[in-house]
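Presented below is the structure to which this report refers.
Here is the structure:
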């Protein structure tokens, strides 16, 4: 299997705002790697290099003895964490990789704005050694991941930005869309340009939980999530796709769709 943007350290909001150094929680990462079954992890992929996507990823890769895959910015986070070059794979848009039964295509995407501004813009141009402040985790490039498997196709679009027309030519149609909805702007435009263009039959909102709180405190929405507004606007497209939520930290089978309850 593959991991995408694994993040369990869950640094508190005040630490982020104060620019405090952030140290990944190695024991917790080890616990979760064992829980997932490290022998089942073939690769750790990162969609972009903000702290909540990449800070823990090198350590998951290390525990699983799997490669860390992402942009050059992600690779520099891996170098700072001590991964060897043999375990670092930098990718560019349109790269296709295969891991067991999974084939992954990296599609160039964009990050959304937060209060009208790009959070932590730029690239990470040298090894980033933790602990490091949140603003040192520059966004780098942004990928959506198209994952094909004999059971079906999943599109991971984890950041609310998009490039107009990005799915016009690349998509034959996804079965499932994992759709990041945090800090989105125009929900209608987002659904039209991503959810509808992906031609997914099932849309699962992701990047919705409050990642400033420890996992053991359970599920709560990020402040300002406006999940009700998202759901109401998505309902207008129910002839095209169904929206389904999934529980936090629990295994869920989403493919094949015909077997999904």
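Numbering (the numbering used here), first residue to last: 4 to 264. Idealized CB from N, CA, C, for every residue including glycine. No experiment lies behind these values; they were computed from the predicted model shown.
Give the secondary structure of residue i by DSSP, where H, G and I count as helix, E and B as strand, and everything else as coil.
i           : result
residue 29  : helix
residue 102 : strand
residue 71  : strand
residue 218 : helix
residue 83  : helix
residue 251 : coil
residue 126 : coil
residue 197 : helix
residue 237 : helix
residue 189 : coil
residue 257 : coil
residue 76  : helix
Note the first and the last residue of the continuous beta strand (DSSP E) segment covering residue i.
i           : result
residue 61  : Note, residue 61: premise wrong, no beta strand (DSSP E); alpha helix (DSSP H) at 60–67.
residue 47  : 46–48
residue 19  : Element bounds for residue 19: not the beta strand (DSSP E) but the alpha helix (DSSP H), 16–20.
residue 53  : Neither: residue 53 is in no beta strand (DSSP E) and is coded neither H nor E.
residue 147 : 146–152
residue 155 : 155–160
Check this for me: beta carbons of residue i and residue j, under 9 Å apart or not?
i           : j           : result
residue 208 : residue 183 : yes
residue 177 : residue 158 : yes
residue 194 : residue 237 : yes
residue 143 : residue 75  : yes
residue 109 : residue 63  : no
residue 3   : residue 163 : The structure shown has nothing for residue 3, since the chain only spans 4 to 264.
residue 80  : residue 6   : no
residue 13  : residue 214 : yes
residue 228 : residue 185 : yes
residue 52  : residue 77  : yes
residue 90  : residue 69  : yes
residue 97  : residue 50  : no
residue 152 : residue 106 : yes
residue 165 : residue 199 : no
Have a look at the DSSP bridge pairing and note the partners of residue i.
i           : result
residue 212 : 224
residue 5   : 46
residue 207 : 181
residue 132 : None, per the DSSP bridge assignment.
residue 117 : 120
residue 232 : DSSP output for residue 232 lists no bridge partner at all.
residue 246 : 206
residue 108 : 99, 149
Please classify residue i as buried or exposed, where buried requires at least 16 neighbouring CB atoms within 10 angstroms.
i           : result
residue 87  : exposed
residue 121 : exposed
residue 66  : buried
residue 232 : exposed
residue 161 : buried
residue 259 : exposed
residue 55  : buried
residue 101 : exposed
residue 40  : exposed
residue 58  : buried
residue 73  : buried
residue 71  : buried
residue 139 : buried
residue 11  : buried
residue 3   : Any property of residue 3 remains undetermined from this structure, which presents the chain solely from 4 to 264.
residue 205 : buried
Please report the residue range of the alpha helix (DSSP H) in which residue i lies.
i          : result
residue 93 : Taken as a continuous stretch (DSSP letters only), residue 93 belongs to no alpha helix (DSSP H), being part of the beta strand (DSSP E) at 91–93.
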